[in-house]
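**Q** I'd like to ask some things about the structure below.
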Amino acid sequence: MDTYSYNKYHTMGEIYQWMSQISEEYAEVVTQHFLGMTYEARPMYYLKISQPSSDPKKIFWMDCGIHVREWITPAFCQWFVKEILQNHKDDSRISRLLTNLDLYVLPVLNIDGYIYTWTTNRLWRKSRSSHNNGTCFGSDLNRNFNESWCGVGASKDCKNSKFCGTGSVSEPETKAVSSFVESKKDNILCFLTMHSYGQLILTPYGHTKNKSSNHEELIQVGQKAANALKAKYGTNYRVGSSADILYALSGSSKDWARDIGIPFSFTFELRDNGTHGFTLPEVQIQPTCEETMEAVVSILDDVHEKYWPLSGAGTVASGTMVLSLLLPFAGLL
Amino acid sequence: MQPRRQPSPAPPPPPPPPALRPGAPLLALLLLLSLRGAAAVPEEPGQSQDAGPSRGLLQQAARAALHFFNFRAGSPSALRVLAAVQEGRAWVNPKEGCKVDLVFSTERYKAEESTFQEGEEGLGKCSARVFFKNQKPRPAINVTCTRLFEKKKQQQEDYLLYKQMKRLKAPLDGVSIPDSHGHIDPSLRPVWDLAFLGSSYVMWEKTTQSLHYYLAQLTGVKQWKTDDDEIDFDYTVLLHEFSTQEIIPCRIHLVWYPGKQLKVKYHCQELQTPEASGTEEGSAVAPTKLSNF
């Protein structure tokens, strides 16, 4: 894949081709899998990066291109896969992650819509399902998940950009992702969904100002990721729940993922802050992807550290481990 | 005086004034919200800074003030964007509207495709009073900013842009700036800067406590007249409204000459919100006659 340009935006045809080529090139760790069919009958594929092992693995999920004008997101998913594959043998950080985690990446969730942004309307957002006798098109896939469906921040009007669909999980794309993630939910530790723009790392929830049970932890992990991102090129990201720092929204994938039990669930809003908005110039693909990579790997590290804590090299165990050993005895003091 | 609100399941509504007597007219609610260091990281883990209405409101006010500042400055070479809100206070009167005093920093608007998006020139600083009025269609703004560029240099830059524009020949049909990949042809940058300047007027008028806009694309040029002294520019844009995520087509007609007050007329498609009342039009009524309209 030396000839594939990760610094350019690619058509869906090119992305399909890239997926099969990269799973061939790195066949020992990558496999391509069918997820479902889009409204316009196109196949949805995700890539599974998995270090062969007899041990069971937990799962990291990341999807891009759910809102199709956000072109930087499929670019990031491709970049992420490339980075992991090119470095999985030499980079100890990455190979450690792969000992216990399988990475599932869906480079383009809303394929019909993505193609539409190339052929017809660069600023389209939704899917391309047909409604009202072919007079109105598209559901907002990130309002279509089964989580307080069509409540706040969503619309029952098809003409609206935030149209929630004709019912919860009415769209085939949502159904494909939902069914799959649901079937694996006991093993999924982290669910990331990528958007642009705004430079935010968002935690649950959007449909309420209530916070998830692990909110503090999510903020901490998110903030650490934002700091890692900023260290690269100085880009500022804010961290908070969607309802607090973005706007109210219901039926989102991130909220739904958290509520079916996936502990680490984040939405990223990538560059920029409005200067270029959705039409982020190609020259910014590389720096955006590099800094975002730092953030995502930081989250992966935190997830890994939590479930497979580093055993100390003989001497002192980590502080939290010591505490968790002592706490049962605290009552005796 | 920093009443920091603790995270809570639902934000408490602003405290009502102490009850005077039943039936007393509702007096202005004095809501003193002080926000320092808007880009601050939460100090204790787990206590995320409550970024509810107060922070959002200050951001809205800053945006409105900046759009107005850019319009009034009338300088396509000296456009500014928001860097950070530094401090602010707000007063809410449910009958009249909402008044915001604030200080914010700005950086130079750079539409060119630099890899580093943070401004490398110094930050400018502005202080503003913004009044989001319930009845009036546009926020009333008083804003002053420190000078980012030396006045003479700014005039020279504007005049350079003007000369570049004079050399550009219509037709500019089928123009889409930027293109799908975010690219703007360097020869067309002056057109984009001028379009952005005119759009600033529109975005100033349309910004409210909850709605804010970005210029997404220049989609067409109906007229580009440079044979008179002034540049007469009639064009269509797409604005991106952030809270609704809608794309709003607008037609804008402006007349510009370096150093003279910009004249703008526009017509946008209605926004699909419950409050939308029809097409919105507006124009800058300048003291000089609008001979080209």
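Chains as they are written, first to last, in UniProt numbering: chain A, 1 to 333; chain B, 1 to 293.
C-beta: ideal position from N, C-alpha, C; glycine also.
Taking 8 Å as the cut-off, does the stretch 79 to 86 of chain B touch the stretch 259 to 268 of chain B (at least 3 CB pairs, one atom from each stretch)?
**A** No, the stretch 259 to 268 of chain B does not touch the stretch 79 to 86 of chain B.
**Q** Just curious, the beta strand (DSSP E) that Ala216 (chain B) is in, first and last residue?
**A** Ala216 (chain B) -> beta strand (DSSP E) spans Tyr213 to Lys225.
**Q** Go ahead and pull the three-state DSSP assignment for Gln164 (chain B).
**A** Note: Gln164 (chain B) maps to helix in three-state DSSP.
**Q** For residue 368 (chain A), collect the residues of the same chain with a Cβ closer than 6 Å to its Cβ; drop the 5 residues on either side in sequence, then sort them by chain order.
**A** Residue coverage of chain A in this structure runs from 1 to 333, which leaves residue 368 (chain A) outside it and unanswerable.
**Q** To which residues of the same chain is Arg138 (chain B) closer than 7 Å at the C-beta, ignoring the five residues directly before and after it?
**A** Taken in chain order, the residues that qualify are Trp204 and Glu205.
**Q** Taking the continuous beta strand (DSSP E) assigned at residue 300 (chain B), which residues delimit it?
**A** Because chain B spans 1 through 293 in this model, residue 300 (chain B) falls outside it and cannot be assessed.
**Q** Restricting to Cα atoms, I'd like to know which of A:Gln220, A:Lys230 and A:Gly261 is closest to Glu182 (chain A).
**A** Considering only alpha carbons, the answer is A:Gly261.
**Q** So Ile84 (chain A) packs on Ile94 (chain A), CB below 8 Å; how close in whole Å?
**A** The pair is a contact, with the Cβ atoms about 6 Å apart (cut-off 8 Å).
**Q** Going along the stretch 125 to 136 of chain A in order, which residues come within less than 8 Å of chain B, judged by CB to CB distance?
**A** So the list reads Arg125, given in the order they occur along the chain.
**Q** In this structure, what does DSSP give as the bridge partners for Arg93 (chain A)?
**A** Paired residue(s): none; Arg93 (chain A) is not in a bridge.
**Q** Closest to Gly74 (chain B) by CA distance: which of B:Ile184, B:Ser200 and B:Asn142 is it?
**A** Minimum Cα distance to Gly74 (chain B) is reached at B:Ser200.
**Q** Throw me the rounded Cβ distance for the Leu202 (chain A) and Lys254 (chain A) pair, which I believe falls under 8 Å.
**A** Going by Cβ atoms, the distance from Leu202 (chain A) to Lys254 (chain A) rounds to 7 Å, so yes, they are a contact pair.
**Q** Just list the residues that DSSP pairs Glu269 (chain A) with in beta bridges.
**A** Answer is A:His195 and A:Leu200.
**Q** Pro178 (chain B) versus chain D: which residues are under 8 Å apart at the beta carbon?
**A** Structure shown: chain D not included; protein chains present are A and B.
**Q** Kindly say whether Gln86 (chain B), judged by its beta-carbon, lies nearer than 8 Å to any beta-carbon of chain A.
**A** No, its Cβ sits nowhere closer than 8 Å to a Cβ of chain A.
**Q** Would DSSP call Pro178 (chain B) helix, strand or coil?
**A** Here Pro178 (chain B) sits in coil by DSSP.
**Q** Establish whether the CB of Ser213 (chain A) and some CB of chain B are separated by less than 8 Å.
**A** Taking Cβ atoms only, chain B never reaches closer than 8 Å to Ser213 (chain A), which makes this a no.
**Q** Given this structure, state the Cα-to-Cα distance separating Leu123 (chain A) from Pro56 (chain A), to the nearest angstrom.
**A** Cα-Cα distance, rounded: 42 Å.
**Q** For Gln269 (chain B), would you say it is in contact with chain A, using Cβ-to-Cβ distances shorter than 8 Å as the test?
**A** Answer no: the Cβ-Cβ gap between Gln269 (chain B) and chain A never drops below 8 Å.
**Q** How would you list, in chain order, the residues of chain B whose beta-carbon sits under 7 Å from the beta-carbon of Ser161 (chain A)?
**A** Under the 7 Å cutoff, chain B gives Thr244, Gln245 and Glu246.
**Q** Examine chain A for any beta-carbon lying closer than 8 Å to the beta-carbon of Val81 (chain B), and answer yes or no.
**A** Taking Cβ atoms only, chain A reaches closer than 8 Å to Val81 (chain B), which makes this a yes.
**Q** How long is the line joining the alpha carbons of Ala75 (chain A) and Asn236 (chain A), rounded to whole angstroms?
**A** Answer to the nearest angstrom: the Cα atoms are 20 Å apart.
**Q** Alpha carbon to alpha carbon, how far is Asn144 (chain A) from Glu171 (chain A)? Give it in angstroms, no decimals.
**A** If I take the Cα positions, the gap works out to 7 Å.
**Q** Are the beta-carbon atoms belonging to Ile22 (chain A) and Val29 (chain A) less than 8 Å from one another?
**A** Taking 8 Å as the Cβ cut-off, Ile22 (chain A) and Val29 (chain A) do not qualify as a contacting pair.
**Q** Can you give the Cα-Cα distance for Asp229 (chain B) and Lys153 (chain B), rounded to whole angstroms?
**A** Going from the Cα of Asp229 (chain B) to the Cα of Lys153 (chain B) covers about 21 Å.
**Q** For a contact meaning CB atoms closer than 8 Å, what does Leu123 (chain A) contact in chain B?
**A** In chain order: Ala216, Gln217, Leu238, His240 and Ile247.
**Q** Examine the Cβ distances between the stretch 151 to 164 of chain A and the stretch 132 to 143 of chain A and report whether three or more of them are shorter than 8 Å.
**A** Cβ pair count under 8 Å is three or more, so yes.
**Q** For Leu66 (chain B) and Pro43 (chain A), what's the separation of their Cα atoms in angstroms?
**A** For Leu66 (chain B) and Pro43 (chain A), the distance between alpha carbons rounds to 46 Å.
**Q** If you count every other CB in all the chains shown that lies within 10 Å of the CB of Lys99 (chain B), and 16 or more means buried, which is it?
**A** Result: buried.
**Q** Quick check: the Cα distance between Gly174 (chain B) and Pro258 (chain B), rounded to an integer number of angstroms?
**A** In a straight line, the C-alpha of Gly174 (chain B) is about 27 Å away from that of Pro258 (chain B).
**Q** How many angstroms separate the CA atom of Ser176 (chain B) from the CA atom of Ala170 (chain B)?
**A** In a straight line, the C-alpha of Ser176 (chain B) is about 14 Å away from that of Ala170 (chain B).
**Q** Under the assumption that Arg69 (chain A) contacts Thr117 (chain A) (Cβ atoms under 8 Å), give the Cβ distance between them as a whole number of angstroms.
**A** Contact flag correct, Cβ pair sits at about 6 Å.
**Q** Are the CB atoms of Tyr45 (chain A) and Val105 (chain A) within a distance shorter than 8 Å?
**A** Contact flag unset, no.
**Q** Beta-carbon of His67 (chain B) versus every beta-carbon of chain A: anything under 8 Å?
**A** Chain A, which has no Cβ nearer than 8 Å to the Cβ of His67 (chain B), makes this no.
**Q** Would you say Tyr159 (chain B) reaches chain A, if we count a Cβ-Cβ gap shorter than 8 Å as a contact?
**A** By this cut-off, Tyr159 (chain B) is not an interface position.
**Q** Alpha carbon to alpha carbon, what distance is there between Arg96 (chain A) and Asp301 (chain A)?
**A** Between Asp301 (chain A) and Arg96 (chain A), the C-alpha separation is close to 9 Å.
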